[in-house]
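S.K.:
Protein chains in written order, with our numbering: chain B, 205 to 318; chain R, 1103 to 1221.
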């Protein structure tokens, strides 16, 4: 049972335009969500997060939106830059117990064309 | 802080050989995670530790895989014997989940990974 899903394996956008990466989840008990970015030959790095008590969190060019009723979150990058080309993972802390374990989606590869 | 340190960064070995991957977590972090990334399966959690104690090893693919954390600053992931299907990138991550960590507690910090190729 995949509790966190990223249904789009890849996305290509033009530099300067908006990139929208989507993530769906099945467990309504998730109370926090994170986005990670991964460049080739590097480990994933934390990008931005959102608590379930909010519906939006913004950090510079990156904004995460949360729609709890739809169990959906999205990451918006505006404007997109070639350096944003990477794999993006959404994740949520395992809700059962206080384990510290994150449930990751499969990732979406973003390509920003100059 | 230097972040999570992994060694080696690259490992090429022959089938049947023993492989040992090493990880030094961020100082003060009390959780340590081992992941494997492949094209087919994405990012898989293999095992994780809390205060040096293994909590969940249900992701370890088979008995050929073992992990230890002898102290708070060091962990190993061992594959013996290795097989070509073990070829992947292995990541170590750590996090802090102590009482005052707050929202930072939910964030894991990843090392650069070890790229393993078993011939």
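Built from N, CA and C at the ideal position, the CB exists for glycine as well.
Name, please, each residue of chain R whose Cβ falls closer than 9 Å to the Cβ of residue 249 (chain B).
M.R.: Working through the first chain from its first residue, we reach residue 249 (chain B) at position 45. Residues of chain R passing the Cβ test: 1211 and 1212.
S.K.: Out of B:318, B:316 and B:304, which has the shortest C-alpha to C-alpha gap to residue 234 (chain B)?
M.R.: Within the first chain, numbered from 1, the residue matching residue 234 (chain B) stands at position 30. Residue 234 (chain B) has its Cα closest to that of B:304, out of B:318, B:316 and B:304.
S.K.: Just verifying my parser: in three-state terms, what is the DSSP assignment at residue 228 (chain B)?
M.R.: In the first chain, residue 228 (chain B) corresponds to position 24, counting from 1. DSSP places residue 228 (chain B) in strand when its eight states are reduced to three.
S.K.: Determine the direct distance from the alpha carbon of residue 1118 (chain R) to that of residue 1203 (chain R), and round the result to whole angstroms.
M.R.: For this step, residue 1203 (chain R) is matched to residue 101 along the second chain. For this step, residue 1118 (chain R) is matched to residue 16 along the second chain. Confidence is the limiting factor: at residue 1203 (chain R) the pLDDT is only 47, short of 50, which leaves the residue's position unreliable and the question unanswerable from this model.
S.K.: My guess is that residue 1138 (chain R) and residue 1216 (chain R) are in contact by the Cβ rule of under 8 Å, so how many angstroms apart are they, rounded?
M.R.: Locating residue 1138 (chain R) in the second chain gives position 36, counting from the first residue. Locating residue 1216 (chain R) in the second chain gives position 114, counting from the first residue. Their Cβ separation, rounded to whole angstroms, is 10 Å, which puts residue 1138 (chain R) and residue 1216 (chain R) out of contact at 8 Å.
S.K.: Hey, how far is the Cα of residue 1164 (chain R) from the Cα of residue 309 (chain B)?
M.R.: On the second chain, position 62 is the one that residue 1164 (chain R) refers to. On the first chain, position 105 is the one that residue 309 (chain B) refers to. Taking the straight line from one Cα to the other gives about 23 Å.
S.K.: Of all the CB atoms in chain B, is at least one closer than 8 Å to the CB of residue 1201 (chain R)?
M.R.: For the purposes of this step, residue 1201 (chain R) is identified with residue 99 of the second chain, where counting begins at 1. For residue 1201 (chain R), the predicted model reports a pLDDT of 45, less than 50, meaning its position is unreliable and no value from the coordinates is stated.
S.K.: I need the DSSP call for residue 1156 (chain R), collapsed to helix, strand or coil.
M.R.: As a working mapping, residue 1156 (chain R) is identified with position 54 in the second chain. Here residue 1156 (chain R) sits in strand by DSSP.
S.K.: Residues of chain R with CB under 7 Å from residue 310 (chain B), in chain order?
M.R.: Taking the first chain and counting its residues from 1, the one referred to as residue 310 (chain B) is at position 106. What residue 310 (chain B) touches in chain R: 1144.
S.K.: Taking the beta carbon of residue 1171 (chain R) as the centre, do at least 16 other beta carbons fall within 10 Å, making it buried, or is it exposed?
M.R.: For this step, residue 1171 (chain R) is matched to residue 69 along the second chain. Buried, by the Cβ-count rule.
S.K.: So is residue 1197 (chain R) in contact with chain B if we call contact Cβ pairs under 8 Å?
M.R.: To locate residue 1197 (chain R), count along the second chain from 1; it is residue 95. True, the Cβ-Cβ gap to chain B drops below 8 Å.
S.K.: If residue 253 (chain B) and residue 236 (chain B) are in contact, beta carbons under 8 Å, what's the gap, nearest whole angstrom?
M.R.: To locate residue 253 (chain B), count along the first chain from 1; it is residue 49. To locate residue 236 (chain B), count along the first chain from 1; it is residue 32. Sure, about 7 Å apart at Cβ, within 8 Å.
S.K.: Smallest Cα separation from residue 318 (chain B): which of B:298, B:269, B:296 and B:289?
M.R.: Along the first chain, read from residue 1 onward, the residue named residue 318 (chain B) stands at position 114. Ranking B:298, B:269, B:296 and B:289 by Cα distance to residue 318 (chain B) puts B:289 first.
S.K.: Between the C-alpha atoms of residue 295 (chain B) and residue 1115 (chain R), what's the straight-line distance to the nearest angstrom?
M.R.: For this step, residue 295 (chain B) is matched to residue 91 along the first chain. For this step, residue 1115 (chain R) is matched to residue 13 along the second chain. Their backbone Cα atoms lie some 33 Å apart in a straight line.
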